[in-house]
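Trainee: I have a structure I would like to understand better, so I am pasting it below and will then ask my questions one at a time.
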Amino acid sequence: MREKSFRTRAIHVGNEVDAATGAVVPPIHLASTFQQPGAGEWGEFDYSRSGNPTRTNLQTTLTSLEGGCGSLAFSSGMAAIHCVTMMLKTGDHVIAGCDLYGGAYRLLHKICDRSGVTVTLVDMTDLAAIESAITDNTKLIWFESIGNPRLSIPDLKAIASLAKSKDIRTGVDNTFATPALLRPLELGIDIVMHSATKYLGGHSDCMGGTLSVADQALFDELYFIQNATGAVLDPLSCFLVTRGLKTLDLRVREQSKTALELSQWLQQHSCVKSVLYPGLASHPQHELARQTLQGGFGAMVTFELDGTIAQTANTCESTKLFRLAVSLGAVESLIEQPATMSHASYDAADRARFGITDGLIRLSVGLESMEDLKADLDQAFSASS
Numbered sequence: 001m002r003e004k005s006f007r008t009r010a011i012h013v014g015n016e017v018d019a020a021t022g023a024v025v026p027p028i029h030l031a032s033t034f035q036q037p038g039a040g041e042w043g044e045f046d047y048s049r050s051g052n053p054t055r056t057n058l059q060t061t062l063t064s065l066e067g068g069c070g071s072l073a074f075s076s077g078m079a080a081i082h083c084v085t086m087m088l089k090t091g092d093h094v095i096a097g098c099d100l101y102g103g104a105y106r107l108l109h110k111i112c113d114r115s116g117v118t119v120t121l122v123d124m125t126d127l128a129a130i131e132s133a134i135t136d137n138t139k140l141i142w143f144e145s146i147g148n149p150r151l152s153i154p155d156l157k158a159i160a161s162l163a164k165s166k167d168i169r170t171g172v173d174n175t176f177a178t179p180a181l182l183r184p185l186e187l188g189i190d191i192v193m194h195s196a197t198k199y200l201g202g203h204s205d206c207m208g209g210t211l212s213v214a215d216q217a218l219f220d221e222l223y224f225i226q227n228a229t230g231a232v233l234d235p236l237s238c239f240l241v242t243r244g245l246k247t248l249d250l251r252v253r254e255q256s257k258t259a260l261e262l263s264q265w266l267q268q269h270s271c272v273k274s275v276l277y278p279g280l281a282s283h284p285q286h287e288l289a290r291q292t293l294q295g296g297f298g299a300m301v302t303f304e305l306d307g308t309i310a311q312t313a314n315t316c317e318s319t320k321l322f323r324l325a326v327s328l329g330a331v332e333s334l335i336e337q338p339a340t341m342s343h344a345s346y347d348a349a350d351r352a353r354f355g356i357t358d359g360l361i362r363l364s365v366g367l368e369s370m371e372d373l374k375a376d377l378d379q380a381f382s383a384s385s
């Protein structure tokens with residue numbers, strides 16, 4: 001039988017009709033513990049930290065969408081990344097992308113270092129630089145499929161091939177792209193992570209994180225860590241993310257269309273110094289993005305103003321439709337200043353080194369009217385000039 005499309009699987013896989021009642025939406029299982037058939041005999045579920053039917057449904061759906069062998073749902077995106085880093089040991093070395101979420105930077109530099117794990121930040125668009133950074137102790141290469149906040153596009157297939165030749169695991173934060181546009185496991189990446197708080201949930205009403213893998217032994221190792229440490233996603237949030245997945249493909253594609261048009265408009269605006277968006281021909285990795293991303297270039301737009309940190313903050317504070325907030329990926333559009341918000345945890349020297357300037361602004365484009373979004377930014381530019 002022909003495999004069903006991504007959009008159909010997002011709606012039906014893991015969302016089978018409830019056998020007991022005929023409900024077309026599976027019930028939310030809030031139980032913390034489950035009766036067993038006998039002492040020392042275990043059913044499919046025993047304790048909700050170890051497994052829960054509602055969490056299993058979400059993980060089943062995501063595994064189908066990612067093309068893997070298994071997925072795990074966590075209480076946040078950072079909990080998911082932390083689970084990956086707990087595979088590391090004292091003396092191990094991590095190569096991480098320099099276009100990286102501030103929370104991941106903080107975890108690697110201010111938590112993992114306490115266990116004797118060292119980190120080297122590298123431009124993940126430079127394969128030679130990645131290879132040069134590899135040491136005998138390198139155990140993990142961690143980066144983002146679309147960088148945060150400068151929207152760089154690494155060559156996932158080439159990095160995966162290099163890592164496999166050196167017996168190094170690769171992990172990719174695919175939050176910005178989502179499986180609707182990109183499925184890293186298909187390109188040889190070992191671990192795919194999502195902040196489910198963002199596009200997977202899609203409505204700014206739940207927090208969560210996920211990991212998906214294509215290797216059973218790796219899945220078993222990650223599951224052991226998750227079960228031992230307990231950072232699992234609660235049933236209600238699992239339900240909300242599952243509901244969000246049903247419209248993921250539609251939302252992301254429509255948001256990507258608006259983001260492309262908005263980035264083209266910003267590129268022509270007199271107040272804007274530069275625009276970073278993978279869909280623009282001016283983007284350094286535009287051709288790679290065109291070949292890699294399927295059906296759109298994502299809904300994140302970063303642009304730079306030629307002004308001070310205070311002037312840039314004033315622009316962000318002057319929008320009326322764009323909400324001044326961290327996070328991203330929901331139906332409402334958000335605006336933020338990376339230097340003082342999402343990437344404030346970067347050391348100042350690293351912000352300067354990696355192009356997180358005082359004039360940088362990051363947009364998460366939602367589902368509002370394109371004309372309304374342009375008008376809102378236009379008035380914000382005028383108000384702060």
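Taking UniProt numbering, the leading residue of the sequence shown gets 1, the next gets one more, and so forth. We put the beta carbon where it would ideally sit given N, CA and C, even for glycine.
(1) To the nearest angstrom, report how far apart G230 and L363 are at their CA atoms.
(2) DSSP state of E144, grouped into three classes?
(3) Name the residue from S132, T90, D99 and N137 whose alpha carbon lies nearest to the alpha carbon of S115.
(4) Would you verify that the beta carbon of K157 is, or is not, closer than 8 Å to some beta carbon of chain C?
(5) Taking the beta carbon of P37 as the centre, do at least 16 other beta carbons fall within 10 Å, making it buried, or is it exposed?
(6) Between the C-alpha atoms of H109 and V119, what's the straight-line distance to the nearest angstrom?
(7) Which class does S161 belong to by DSSP, given the choice of helix, strand or coil?
(8) In three-state terms, what does DSSP make of F74?
(9) Determine the closest residue to M207 out of F45, L280, H29 and S327, with distance taken between C-alpha atoms.
(10) Can you give me the Cβ contacts of R106 inside the same chain, cut-off strictly under 8 Å, excluding the 5 residues immediately before and after it?
(11) Are R169 and D99 closer than 8 Å when you measure CB to CB?
(12) From R353 to A310, what does the alpha carbon distance come to, in whole angstroms?
(13) From this set, P179, G188 and L181, which residue's C-alpha is nearest S161's C-alpha?
(14) Taking just the CA atoms, how far does G97 sit from H82?
(15) CA-CA distance, F74 and L200?
(16) With DSSP as the reference, label A96 as helix, strand or coil.
(17) Can you tell me which of S369, T308, S384 and F381 puts its alpha carbon nearest to the alpha carbon of Q255?
(18) Going by the beta-carbon positions, is the gap between Q59 and S71 smaller than 8 Å?
(19) Sort out for me which residues DSSP pairs D173 with in a bridge.
(20) Whole angstroms is fine: what's the gap from T308's alpha carbon to T178's?
(21) How would you label E287, buried or exposed, when you count the other beta carbons within 10 angstroms and need 16 or more for buried?
(22) Can you tell me which residues form a DSSP beta bridge with residue 394?
(23) Please list, in chain order, all residues of the same chain as G296 whose beta carbon is under 6 Å from its beta carbon, the five residues on each side excluded.
(24) Decide if D358 is buried, meaning its Cβ has at least 16 other Cβ atoms within 10 Å, or exposed.
(25) Nearest-angstrom Cα distance between S333 and L260?
(26) If you drop the 5 nearest sequence neighbours on each side, which residues of the same chain put their C-beta closer than 7 Å to that of G355?
(27) Can you look up M87 in the DSSP assignment and give me helix, strand or coil?
(28) Near V13, what residues of its chain come up, given a Cβ to Cβ distance below 7 Å and the 5 sequence neighbours on each side ignored?
(29) What do you get for A128, buried or exposed, if any count of 16 or more other CB atoms within 10 angstroms of its CB means buried?
(30) Residue ranges of each alpha helix (DSSP H) run of no fewer than 4 residues wholly in the stretch 18-71, ordered along the chain?
(31) For a test of the three-state rule: what should DSSP assign to M370, helix, strand or coil?
(32) Using a 10 Å radius around the Cβ and a threshold of 16 neighbouring Cβ atoms, would you call R183 buried or exposed?
(33) Grouping DSSP H, G and I as helix and E and B as strand, with all else coil, what is L187?
(34) Per DSSP, which residues does E131 bridge with? Please list them.
(35) Mapping DSSP to helix, strand and coil, what is E304?
(36) Where DSSP assigns a beta bridge to R150, which residues make up the other side?
Mentor: Reading off the structure:
(1) 33 Å
(2) strand
(3) T90
(4) Judged by its chain identifiers, the structure shown contains no chain C, having just a single protein chain.
(5) exposed
(6) 7 Å
(7) helix
(8) strand
(9) S327
(10) S345
(11) no
(12) 20 Å
(13) G188
(14) 16 Å
(15) 13 Å
(16) strand
(17) S369
(18) yes
(19) E144 and M193
(20) 33 Å
(21) exposed
(22) Any question about residue 394 goes unanswered here, given that the chain covers just 1 to 385.
(23) L181, R253 and S256
(24) buried
(25) 14 Å
(26) R150
(27) coil
(28) T60, T61 and S64
(29) exposed
(30) 53-66
(31) helix
(32) buried
(33) helix
(34) Answer is none; E131 lacks a bridge partner.
(35) strand
(36) R150 pairs with nothing; no bridge assigned.
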